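Residue numbering for the sequence shown follows the numbering used here, starting at 859 and increasing by one per position.
All C-beta atoms, glycine included, are put in the ideal place defined by N, C-alpha and C.
A quick note: this is a predicted structure, and the numbers were derived from the prediction, not measured.
Scroll down for the structure; my scribbles are underneath it.
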Amino acid sequence: MNFDPLTTFDEITSSVPRVSPFRTMWNEAEELLHATRPDGFEVEEIGRIAFADLPEAERKDALDELFYTYWTALLDDRETRAAQGGGAA
């Protein structure tokens, strides 16, 4: 394959992590709950607010992101248990 050389902009932005629309809404929902409910809240509330506030067109990708994140955490947990001698969950 032959790729065009990176522009200066590409070089600068290549190390900037991509923040998904769901992550953006998650951060906003978390800030809102911290401001309005300083005594605490459940993590699920952050997710529900974030998902509800997403534009409809972004929801499929958000669900994919959630499923992937859950799967990654599940695999991580299994590996940790196996390494500690507890076997797989």
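Could you check what DSSP says for P879 in three-state terms: helix, strand or coil? Along the sequence shown, read from residue 1 onward, the residue named residue 879 stands at position 21. Correct three-state label for P879: helix.
From A915 to Q942, what distance separates their C-alpha atoms? Residue mapping note: residue 915 aligns to position 57 of the sequence shown, counting from 1. Residue mapping note: residue 942 aligns to position 84 of the sequence shown, counting from 1. So the alpha carbons of these two residues sit roughly 42 Å apart.
Just confirm the distance between the C-beta atoms of A887 and I907, as a whole number of angstroms; I'd bet it's less than 8 Å. Position 29 of the sequence shown, counted from the start, is the residue given in the question as residue 887. Position 49 of the sequence shown, counted from the start, is the residue given in the question as residue 907. Cβ atoms of A887 and I907 come within 8 Å of each other, at about 4 Å.
For the alpha helix (DSSP H) that F867 lies in, which residues bound it at each end? In the sequence shown, residue 867 corresponds to position 9, counting from 1. Its alpha helix (DSSP H) spans residues 866 to 871.
Would you tell me roughly how many angstroms separate the C-alpha atoms of W884 and D897, rounded to the nearest one? The residue labelled residue 884 in the question sits at position 26 within the sequence shown. The residue labelled residue 897 in the question sits at position 39 within the sequence shown. In a straight line, the C-alpha of W884 is about 19 Å away from that of D897.
Would DSSP call V874 helix, strand or coil? Counting from 1 along the sequence shown, the entry for residue 874 is found at position 16. Reduced to three states, the DSSP call for V874 is coil.
Let me confirm a value: F861 is counted as buried when at least 16 other C-beta atoms fall within 10 Å, else exposed. Which label applies? Looking up residue 861 in the sequence shown gives position 3. Residue environment: F861 is assigned as exposed (fewer than 16 neighbouring CB atoms within 10 Å of its CB, all protein chains considered).
So, with DSSP's three-state summary, where would you put F861? For this step, residue 861 is matched to residue 3 along the sequence shown. F861 falls in the coil class under three-state DSSP.
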